[in-house]
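Respectively, the protein sequence lines represent chains Y and X. So for the first sequence, UniProt numbering puts the first residue at 1; every next one is plus one. So for the second sequence, UniProt numbering puts the first residue at 1; every next one is plus one. Yeah, the Cβ is synthetic: ideal placement off N, Cα and C, and Gly gets one too. A quick note: this is a predicted structure, and the numbers were derived from the prediction, not measured. A quick write-up on the structure given underneath.
2 protein chains.
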Amino acid sequence: MPTIYDVAREAGVSAATVSRVLNGARTVDPAMVARVLTAVRELGYRPNAVARNLRRSRTTLWAVIISDIGNPFFTATVRGIEDVAQQAGYSVVLCNSDEDPAKEETYVAAALSEQMAGVIISSSGSAKAAKSLLDSPIPVVAIDRQLPRGEADTVVVDNEAGAGTATRHLLDAGYRRVACITGPEGVSTADLRLRGYTSALSACQPPGEPLIVRTDFREQGGYDAMGSLLSSAERPDAVFVANNLMTVGALRCLADHDVRVPAEMGVVGFDEIPWADLVRPSLTTVAQPTYELGRMAARLLVDRIATPAGRPARVVLPAELRPRQSSAFQHNAR
Amino acid sequence: MPTIYDVAREAGVSAATVSRVLNGARTVDPAMVARVLTAVRELGYRPNAVARNLRRSRTTLWAVIISDIGNPFFTATVRGIEDVAQQAGYSVVLCNSDEDPAKEETYVAAALSEQMAGVIISSSGSAKAAKSLLDSPIPVVAIDRQLPRGEADTVVVDNEAGAGTATRHLLDAGYRRVACITGPEGVSTADLRLRGYTSALSACQPPGEPLIVRTDFREQGGYDAMGSLLSSAERPDAVFVANNLMTVGALRCLADHDVRVPAEMGVVGFDEIPWADLVRPSLTTVAQPTYELGRMAARLLVDRIATPAGRPARVVLPAELRPRQSSAFQHNAR
DNA sequence: GTGAAAGCGCTAACAC
DNA sequence: GTGTTAGCGCTTTCAC
Numbered sequence: 001m002p003t004i005y006d007v008a009r010e011a012g013v014s015a016a017t018v019s020r021v022l023n024g025a026r027t028v029d030p031a032m033v034a035r036v037l038t039a040v041r042e043l044g045y046r047p048n049a050v051a052r053n054l055r056r057s058r059t060t061l062w063a064v065i066i067s068d069i070g071n072p073f074f075t076a077t078v079r080g081i082e083d084v085a086q087q088a089g090y091s092v093v094l095c096n097s098d099e100d101p102a103k104e105e106t107y108v109a110a111a112l113s114e115q116m117a118g119v120i121i122s123s124s125g126s127a128k129a130a131k132s133l134l135d136s137p138i139p140v141v142a143i144d145r146q147l148p149r150g151e152a153d154t155v156v157v158d159n160e161a162g163a164g165t166a167t168r169h170l171l172d173a174g175y176r177r178v179a180c181i182t183g184p185e186g187v188s189t190a191d192l193r194l195r196g197y198t199s200a201l202s203a204c205q206p207p208g209e210p211l212i213v214r215t216d217f218r219e220q221g222g223y224d225a226m227g228s229l230l231s232s233a234e235r236p237d238a239v240f241v242a243n244n245l246m247t248v249g250a251l252r253c254l255a256d257h258d259v260r261v262p263a264e265m266g267v268v269g270f271d272e273i274p275w276a277d278l279v280r281p282s283l284t285t286v287a288q289p290t291y292e293l294g295r296m297a298a299r300l301l302v303d304r305i306a307t308p309a310g311r312p313a314r315v316v317l318p319a320e321l322r323p324r325q326s327s328a329f330q331h332n333a334r
Numbered sequence: 001m002p003t004i005y006d007v008a009r010e011a012g013v014s015a016a017t018v019s020r021v022l023n024g025a026r027t028v029d030p031a032m033v034a035r036v037l038t039a040v041r042e043l044g045y046r047p048n049a050v051a052r053n054l055r056r057s058r059t060t061l062w063a064v065i066i067s068d069i070g071n072p073f074f075t076a077t078v079r080g081i082e083d084v085a086q087q088a089g090y091s092v093v094l095c096n097s098d099e100d101p102a103k104e105e106t107y108v109a110a111a112l113s114e115q116m117a118g119v120i121i122s123s124s125g126s127a128k129a130a131k132s133l134l135d136s137p138i139p140v141v142a143i144d145r146q147l148p149r150g151e152a153d154t155v156v157v158d159n160e161a162g163a164g165t166a167t168r169h170l171l172d173a174g175y176r177r178v179a180c181i182t183g184p185e186g187v188s189t190a191d192l193r194l195r196g197y198t199s200a201l202s203a204c205q206p207p208g209e210p211l212i213v214r215t216d217f218r219e220q221g222g223y224d225a226m227g228s229l230l231s232s233a234e235r236p237d238a239v240f241v242a243n244n245l246m247t248v249g250a251l252r253c254l255a256d257h258d259v260r261v262p263a264e265m266g267v268v269g270f271d272e273i274p275w276a277d278l279v280r281p282s283l284t285t286v287a288q289p290t291y292e293l294g295r296m297a298a299r300l301l302v303d304r305i306a307t308p309a310g311r312p313a314r315v316v317l318p319a320e321l322r323p324r325q326s327s328a329f330q331h332n333a334r
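Printed below as a string of structure tokens:
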């Protein structure tokens, strides 16, 4: 691998001049610029970013640590991040913690060691990872989920309101016993969506106790949770599921047990799913402005890099109910 | 940020000793090890990976450049890669080229500049990116799609055979005019799946010409392609779609035009979809061993890093037809 | 077993 | 406008 000195020798200039040319300084003689560029091309020279980063003590890489790469929610979010990042001159690398706090800690450690320019994280709940991040000088933005006890810039949707809307929607449709499947304690989306559900429920005062199952945010978890609801003493006639993957699992469980949706079981899932309108019955969801979430997070990160001090911002975007067939109570079907 | 010298001073040893302790050299006095570790903890010292990478001229990061982060195919693949990488002591960062050759080139350039330990790439077709990669000393493994004219380690499925099986399956089911929606020219999966389709078709000699639409590998492309097939002079009664996202688009188009599947249109899609069995009709697919693809690619990369020279390996895994309802021709429905 | 010193490749003062 | 020089933080000979 040729170094900047090889280029300098080839072009008959100093390494400093090569550096200037490559970094777009305008105080260089056009003739020299040409010579340098020729040498660069001939040698196939590629600047060593590691050396540059060390010298500058900064990098142009953002780490985006997401809790599940298989979740379509993150797809659009990441696109939003990438679009802003690119414009601001950063490259985005994705790290998949897979809902595993240990993996999350590994990636946080890597991002810090590698002196990444910034981190955007959807926490899988590791307090240790959060602490490392907040103790470091590296700018952090929390997205989708709050950082455990974290004073950081944050972009989320109004989870509580969205969950409340979904629950009321089921009650309004005529379902009488609405259950809730939510995620792990300590993960903000799980807790807030649960709170939205319980608030809506207690406001309507339906008979019986709230029926709540906590599991992980994954498909298998949703499947198992639905299974336990089906065999519970007072079986629900509707369920609000707090994320998309668990909703898929719940639907699969209902299909396996020949439970008809929406006649025997109404279903609303949090998070949009790309094919929600293709399944039969089509799936009622609470949709988030994913792309916009990503954009906002990226903008906050750009700002935070420019201004490290200052009070953390907190952006709350609205979530929106998309009523479809899976929550359409049918009297004659009962 | 404390440096290794701060730790050395605090512990009353030299920086070299700190380095030895942190890198697990056994030739260090246990008492010193203890002092160093205490100092590390007290100062909250975190080694600067950038400096280490520069000094060692190697890193422990792999770049996995995938063509579409929204494609569930890559989800499982990435998990396979991560599991092997972690065991071998590497961290994986994902780069999303979004089927955009320009973005791909950007990420390849970043991976090379950052001196990544290795690259696993699902090419979106950029010859320039491929050339940069192959000209560099960094080990590369192509996954899912061959690198344009690339002599690199490669892990793919038998696309031609899989496409042939899918096409024959439709013909055997009784469909008479089977069309094909495939991806961009120059992307190996698009070309090979098309070839598998045409071979199977010509072997069966159905009436009429093959009906082929090329588009990108994205959902909207599939939607548009299906639309043009529906309005073509000799409208097909079945379609083989060469990837999952385009299949979703095609299904959506069929739904929008009230075309009944499988009665009026048989559908088989390449790539499994997590919810293929949840849609009605359920979707016939050609499934790939995604996790295994990822594992193999990662193993090849580990080997290649250990042994940079030597003939490139080429691993071809089988794809498997999963017949479901969308390809079940029904005589009485016609 | 431990420390001193050199240097990975680059950039940014500083001098001219 | 260009070159010389120092040094980013670490690892790794090489002495001792």
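Query: Quick one: list the residues of chain X neighbouring Glu-42/Y, beta-carbon separation under 8 Å, in chain order.; Result: The contacting residues do not exist; Glu-42/Y stays about 13 Å from chain X at best.
Query: So, helix, strand or coil for Leu-254/Y, using DSSP?; Result: helix
Query: With a cut-off of 7 Å, does the C-beta of Arg-330/X fall near any C-beta of chain Y?; Result: Inspection of the sequence shows that residue 330/X is occupied by Gln rather than by Arg. Judged by the 7 Å Cβ criterion, Gln-330/X is not in contact with chain Y.
Query: So, at 7 Å on beta carbons, what are the nonlocal neighbours of Tyr-175/X in its own chain, with the 5 sequence-adjacent residues on each side left out?; Result: Asp-237, Ala-238, Gly-266 and Phe-329
Query: Please list the terminal residues of the continuous alpha helix (DSSP H) segment that includes Phe-240/Y.; Result: From DSSP, Phe-240/Y is part of no alpha helix (DSSP H) but of the beta strand (DSSP E) over 238–241.
Query: Report yes or no: is there a C-beta of chain Y within less than 7 Å of the C-beta of Asn-53/X?; Result: yes
Query: Quick one: does Trp-62/Y have its CB under 7 Å from some CB of chain X?; Result: no
Query: Could you work out which residues of chain X lie near Pro-47/Y, taking near to mean beta carbons separated by less than 8 Å?; Result: Ser-113
Query: Mind pulling the chain Y residues with CB within less than 8 Å of Leu-37/X?; Result: Neighbours of Leu-37/X on chain Y: none; closest Cβ ~16 Å, over 8 Å.
Query: CA-CA distance, Ser-231/X and Cys-253/X?; Result: 12 Å
Query: Run through the DSSP bridge pairs and tell me what residue 342/Y is partnered with.; Result: Residue 342/Y is absent from the structure shown; chain Y starts at 1 and stops at 334.
Query: Looking at Ala-297/Y: is its Cβ nearer than 7 Å to the Cβ of Ile-143/Y?; Result: yes
Query: In terms of residues, what are the limits of the alpha helix (DSSP H) holding Val-28/X?; Result: Looking at the DSSP string, Val-28/X is not in any alpha helix (DSSP H), and its letter there is neither H nor E.
Query: Of the residues Val-279/Y, Val-302/Y, Ala-179/Y and Leu-94/Y, which one's Cα is nearest the Cα of Ile-212/Y?; Result: Ala-179/Y
Query: Among the candidates Arg-295/Y, Asp-135/Y, Ala-16/Y and Ala-287/Y, whose CA atom is the shortest distance from the CA of Thr-165/Y?; Result: Ala-287/Y
Query: Considering only DSSP beta bridges, list what Cys-180/Y is partnered with.; Result: Ile-212/Y and Phe-240/Y
Query: Scan the stretch 41–108 of chain X and note each continuous alpha helix (DSSP H) run of 4 residues or more that stays entirely inside, going in chain order.; Result: 49–56 and 72–87
Query: Using a Cβ-Cβ distance cut-off of 7 Å, determine whether Ser-91/X contacts chain Y.; Result: yes
Query: Mind checking the stretch 150–173 of chain Y against chain X and listing, in chain order, the residues whose C-beta falls within less than 8 Å of any C-beta there?; Result: none
Query: Go through the stretch 113–163 of chain Y residue by residue and report every complete run of the beta strand (DSSP E) that reaches 3 residues or more, in order.; Result: 118–121, 140–143 and 153–157
Query: In chain order, what residues of the same chain have a beta carbon less than 8 Å from the beta carbon of Cys-95/Y, not counting five sequence neighbours either side?; Result: Ala-63, Val-64, Ile-65, Ile-66, Tyr-107, Ala-110 and Ala-111
Query: Could you tell me if Ser-124/Y is buried or exposed, where buried requires 16 or more neighbouring beta carbons within 10 angstroms of its beta carbon?; Result: buried
Query: Let me confirm a value: Tyr-5/X is counted as buried when at least 16 other C-beta atoms fall within 10 Å, else exposed. Which label applies?; Result: exposed
Query: Is Arg-280/Y close to chain X? Criterion is C-beta to C-beta, closer than 7 Å.; Result: yes
Query: Kindly list, in the order they appear in chain X, the residues whose Cβ is closer than 8 Å to that of Asn-23/Y.; Result: Near Asn-23/Y there are no residues of chain X at all, since even the closest Cβ is about 13 Å away, more than 8 Å.
Query: Going by DSSP in three states, Thr-17/Y sits in which element: helix, strand or coil?; Result: helix
Query: When we look at the beta-carbon of Val-84/Y and count the other beta-carbons within 10 Å, is it buried (16 or more) or exposed?; Result: buried
Query: I want to verify the contact list: residues of chain Y whose CB lies under 7 Å from the CB of Pro-72/X, in sequence order.; Result: Gly-70
Query: Count the other CB atoms, across all protein chains shown, that sit within 10 Å of the CB of Val-13/Y; report buried if there are 16 or more and exposed otherwise.; Result: buried
Query: CA-CA distance, Cys-204/X and Thr-198/X?; Result: 10 Å
Query: I'd like the list of long-range same chain contacts for Ala-333/Y, defined as Cβ closer than 6 Å, with 5 residues on each side in sequence excluded.; Result: With a pLDDT of only 42 at Ala-333/Y, under the threshold of 50, the placement of this residue in the model should not be trusted, and no figure is reported.
Query: If you drop the 5 nearest sequence neighbours on each side, which residues of the same chain put their C-beta closer than 6 Å to that of residue 346/Y?; Result: The structure shown does not extend to residue 346/Y, since chain Y is modelled only from 1 through 334, so no value can be given for it.
Query: Decide if the stretch 121–136 of chain Y is in contact with the stretch 272–279 of chain Y; the criterion is three or more beta carbon pairs, one per stretch, under 8 Å apart.; Result: no
Query: Buried or exposed for Gln-146/X, please, with buried defined as at least 16 other CB atoms from any protein chain shown within 10 angstroms of its CB.; Result: buried
Query: Identify every residue that forms a DSSP beta bridge with Arg-168/Y.; Result: According to DSSP, which records beta bridges pairwise, Arg-168/Y is partnered with nothing at all.
Query: For Ala-102/X and Ser-126/X, I'd like the C-alpha separation in whole angstroms.; Result: 8 Å
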